[in-house]
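Its first residue numbered 1161, the sequence shown is counted upward by one per residue in my numbering. Remarks on the structure that follows.
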Amino acid sequence: MKEYEVYSSLKVPKNSKIIVRLDGRNFHQLARDLDLIKPYDDNFYNVFSCVCEDLFKEFSPIFVYAFSDEISMLFDNVPFNGRIEKIDSVMASFAASSFAINYNTKFRKPPAFDSRVIPILDDNILEYFKWRQDESWRNCVNSHGICYLKSKYPNNVSNDKINGMSLSDIHELLFKNGINLNNIDTYKKRGIAVYRKNKKIVGFNKKENKEQVSYRSYVCTDWNLEKFSRDFFSKIGVLK
């Protein structure tokens, strides 16, 4: 019966880097079920950062980026021998389990994620993550915009109003009403990331009778991301 598993042999190209992107399934409903604070719920994002850390420690990507209900993981050593079915199923289920454990509440329906594999060249890594960070900013502006409008108008009127507005229009509306998006938490505008950083360790070499400097890597969860650039990815070792 093994021959019926027609997709089990699908693999990513050898010696390639990949991005695995996870998206929360029907998280709009989940947000209503959990009565999350809008436009951003701090507890939700604390839990989401824990999910990112769990994924990083379990599967060893070189970079994890998250905003809203999506997570993008960059791999240079492709797990599961590149088997796409395995990558998609295990990582999505692991993320859902981590979310449920870290949230530690009773869900009306079990949380779930979908997963997709994206082969990527070094030349396109920065382009990809800038694209997702730009989407994080759009999500931030729209979330604050719709939240403000719903505080003034019925839901259907608010939705109609925001559908006809550009990002700059929404930004201006918020600013005129005392909401300056430049002053909100950085993670709400640019997302969060998990990656390895080097920490400077100053010790004492008794044999040589002098101070000795070494560096130790640790897992960093960055809530104050700068705008993605080649310099940023070079600095953290993602790009050469």
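Just so it is clear, CB atoms sit at the ideal spot from N, CA and C, and this is done for glycine as well.
Remark: three or more beta-carbon pairs, one from each stretch, lie closer than 8 Å, so the stretch 1224-1244 and the stretch 1165-1185 are flagged as touching. Taking all protein chains in view, the Cβ of D1248 is crowded by 16 or more other Cβ atoms within 10 Å, so the residue is classified as buried.
By DSSP's assignment, L1234 forms a beta bridge with I1179 and F1223. In this structure, I1322 lies away from P1199, with their beta-carbon atoms at least 9 Å apart. Secondary structure at T1381: strand, using DSSP grouped into helix, strand and coil.
Contact check for V1224 against V1354 passes: the beta carbons are separated by less than 9 Å. According to the DSSP assignment, D1283 belongs to the alpha helix (DSSP H) that extends over D1282 to K1310. One Cα belongs to D1382, the other to I1352, and the distance between them is close to 6 Å. The residues P1279, in chain order, have a CB closer than 7 Å to that of P1173 in the same chain once the five nearest residues on each side in sequence are set aside. At a Cβ-Cβ threshold of 9 Å, F1273 and A1252 count as neighbours.
The alpha carbon of K1387 has as its nearest neighbour, out of L1327, S1296, C1380 and Y1308, the alpha carbon of S1296. For R1390 against L1286, the beta-carbon gap comes to about 6 Å, under 8 Å, which counts as contact.
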